[in-house]
Structure formats: structure tokens, C-alpha cells
Amino acid sequence: MTTQPQHSAASQAPMMKIFDWYSGPYPARVRIALAEKGLLPRIEFVSVNLWKGEHKQPEFLALNYSGTLPVLQLEDGTLIAECTAITQYLDGLDGTPTLTGRTPVEQGLIHMMTKRAEIELMDAVSVYFHHATPGLGPEVELYQNAEWGLRMRDKAVRGMHYFDGILKTRPYVAGDGFSMADIAVLGGLIFAALVDLAIPAECEALQAWLARVNERPSVQAWRALVASPH
Ligand code: GTS
347 MTTQPQHSAA SQAPMMKIFD WYSGPYPARV RIALAEKGLL PRIEFVSVNL WKGEHKQPEF
407 LALNYSGTLP VLQLEDGTLI AECTAITQYL DGLDGTPTLT GRTPVEQGLI HMMTKRAEIE
467 LMDAVSVYFH HATPGLGPEV ELYQNAEWGL RMRDKAVRGM HYFDGILKTR PYVAGDGFSM
527 ADIAVLGGLI FAALVDLAIP AECEALQAWL ARVNERPSVQ AWRALVASPH
């Protein structure tokens, strides 16, 4: 694991660490949430090299039993894994939860649609990547089931159609405002693009939403970082 202090501390507020891989689609969700919340200056990124399988080594598994990125570590050592949980924590820090909902109904809808984005799209793309493509390579992918991977690819495409239908009825995935659910769908599409799984041409509402979301400074900053990491 390599420490990369990409951002200097802009304030006296406590620093946090994020263990991730700069171009990974799941890490992208947290990096975009951090940018939305203006929290990047408070983060020290620690690079965990997925392609070398560092996330499956005991040192990292001690931080996250699931062996996945990203993981947030607070100054007191508290560890929070899972993009949704990390985003919820970060969103609440300033007392103005813009990404995870201000009212119980907003919170419920955003949670539901985020979970759906994972189940129907992003996690399905991930299974396709790990099982029906070379994935992270033979050293890391110790078990593959191509048939299952291909089923999950088809599920992901169905998921794109589902979100297209949703976005025909409202501007954002969980309602009128940009939220964690939009970031989750975006993560799924970022992953899909990496494995050459195109958005079907007929999914015009999803395409239009993606074009709009891509204009957000948080998303542009992430895309610029990936295009030119150093
Ligand atoms: N449910 C987890 C979350 O929401 O954080 C999934 C995290 C996840 O799968 N992360 C990927 C991972 O660690 C990172 S990336 O592929 O997006 O870069 N994958 C490695 C593996 O072996 O599953």
C-alpha cells in the first residue's frame, strides 16, 4: 500500500484516510461524493493496487474483511467500508446531507435507488468483469464462472433499461435532486464503459442524464484525474 497525499490539509479539521485505487469505479463513487461535499482537502489517499492483488493480502483484509475498496479510516482509527456507508458518513459531517436525503422519505427513496443501482447494474457489471473477462488477471481471479458472469452482463443491460425508464419520469434517479443514487448509477456506467458494455442506443433518457451528470465539476474532476493521474 502506498500513501499518496494528493491534497494538502486546507483547514484544521481532522484528516481522514481513504484506501482505494484511483481509477476504480467503486472508489470513483466516494471520490465524486467527496468532491460534491468539498471534502477532498481533508483526505489522504492510500493506494491499494488491485492489479497486484494487494486488496486480498492480510494487511488489507485486516482493514476490510470483504477485501474490497474503498475504505475510509477516521482519525481515531474507525474503519468504514462500503461506498454507501462511506458516503452517508461524509454527507452527514456538515449537518447538511445533500446526497443522502434531508427528510425520512428522501432518505428512504435514495437508499432504495442506490441499492437498486448496485444490485441491478453496478454489482452485475462487476460480476461480469470478474467472471467472464480476464478481470484482474489469473493471480487475483482464483475462481471464475463465465456462465454466471454472462448472465450478470445481461442483467446489467436490463438494469440500464430500468434506469432509462426511471429517468424518463424524473430528472434524477431518486427524484428532483442529484443524490447518492445518481452517483451509484454513474459508478455502474463507469464500470460498464471499462468493460465495453455500451448503454443501448434506445436508452435515450439514460444517455441524456449521463451527459448532464458528466458536466458536474465533481465528475469532471474525477474524469480528469483518471485521464492524467500524475
Ligand atoms: N460493495 C462494495 C462497496 O460498495 O464498496 C464493493 C466494492 C468493490 O467491489 N470494489 C472494487 C474491488 O475492490 C474496487 S473497483 O473494482 O471498483 O476498483 N474489487 C476487487 C475485487 O477483487 O472484488
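Residues 347 to 576, numbered by the numbering used here, are exactly what the sequence shown covers, in order. Backbone N, C-alpha and C define an ideal beta-carbon position, used for all residues, glycine too. Note that the structure is a prediction, hence the values are computed from the model and not measured.
For residue i, the first and last residue of its enclosing beta strand (DSSP E)
i: Ile389; result: 389-393
i: Met362; result: 362-366
Distance between beta carbons of residue j and residue i, contact taken as under 8 Å
i: Val559; j: Val565; result: 6 Å
i: Arg362; j: Glu421; result: Contrary to the premise, residue 362 reads as Met rather than Arg in this sequence. The pair is a contact, with the Cβ atoms about 7 Å apart (cut-off 8 Å).
i: Val376; j: Thr414; result: Actually they do not touch by this definition, with Cβ atoms about 12 Å apart.
i: Ala530; j: Met468; result: 6 Å
i: Leu543; j: Arg499; result: 6 Å
i: Asp550; j: Lys501; result: With the sequence shown as reference, residue 550 is identified as Glu, and Asp is not the correct amino acid for it. That pair is no contact at about 21 Å.
i: Pro371; j: Leu556; result: No, Pro371 and Leu556 are not in contact; Cβ-Cβ is about 14 Å, not under 8 Å.
i: Asp437; j: Thr430; result: Actually they do not touch by this definition, with Cβ atoms about 10 Å apart.
i: Trp568; j: Ala381; result: 7 Å
Cα-Cα separation, residue i to residue j
i: Glu528; j: Arg516; result: Residue 528 is actually Asp in this sequence, not Glu. Roughly 12 Å between the two C-alpha positions.
i: Ser472; j: Glu493; result: 14 Å
i: Ile389; j: Pro563; result: 18 Å
i: His523; j: Thr446; result: In the sequence as displayed, the identity of residue 523 is Gly instead of His. Roughly 10 Å between the two C-alpha positions.
i: Thr348; j: Val394; result: 7 Å
i: Ala554; j: Glu548; result: 11 Å
i: Leu482; j: Tyr508; result: 29 Å
i: Ile360; j: Tyr368; result: Contrary to the premise, residue 360 reads as Pro rather than Ile in this sequence. Approximately 22 Å, taken between the alpha carbons.
i: Leu407; j: Ile364; result: 15 Å
i: Ala470; j: Trp397; result: 20 Å
i: Met426; j: Gly454; result: A small correction: the amino acid at residue 426 is Ile; Met does not occupy that position in the sequence shown. Distance between the alpha carbons of Ile426 and Gly454 is about 21 Å.
i: Phe475; j: Gly495; result: 7 Å
i: Ser354; j: Phe391; result: In this prediction, Ser354 scores a pLDDT of 42, lower than 50, which makes its location untrustworthy; the coordinate-derived value is nonetheless stated afterwards. Computed Cα separation, rounded: 11 Å.
i: Ile545; j: Leu535; result: 8 Å
i: Val519; j: Leu386; result: 25 Å
i: Lys461; j: Glu485; result: 30 Å
i: Leu418; j: Ile512; result: 31 Å
i: Ala570; j: Ala374; result: 12 Å
i: Arg497; j: Leu409; result: 32 Å
i: Glu405; j: Leu532; result: 30 Å
i: Asp366; j: His401; result: 9 Å
i: Leu552; j: Lys514; result: 8 Å
i: Leu439; j: Glu452; result: 18 Å
i: Pro480; j: Glu487; result: 8 Å
i: Gly423; j: Ala478; result: 37 Å
i: Thr449; j: Lys383; result: 18 Å
i: Glu428; j: Ser412; result: 9 Å
i: Thr442; j: Glu561; result: 23 Å
Extent of the continuous alpha helix (DSSP H) to which residue i belongs
i: Tyr474; result: 469-478
Closer than 8 Å to chain D by CB, residue i
i: Ile456; result: Of the protein chains in this structure there is only one, and it is not chain D.
Practice item. Give, in chain order, every unbroken run of the beta strand (DSSP E) that is at least 3 residues long and sits entirely within the stretch 381-456. Key: Scanning the stretch 381-456 for uninterrupted beta strand (DSSP E) segments of 3 residues or longer gives 389-393, 417-419, 425-427, listed from N- to C-terminal end.
**Study point:** Sequence ranges, alpha helix (DSSP H) only - wholly within the stretch 492-572, length at least 4
**Key:** Counting whole runs of 4 or more residues, the stretch 492-572 contains the alpha helix (DSSP H) stretches 492-515, 526-540, 550-560.
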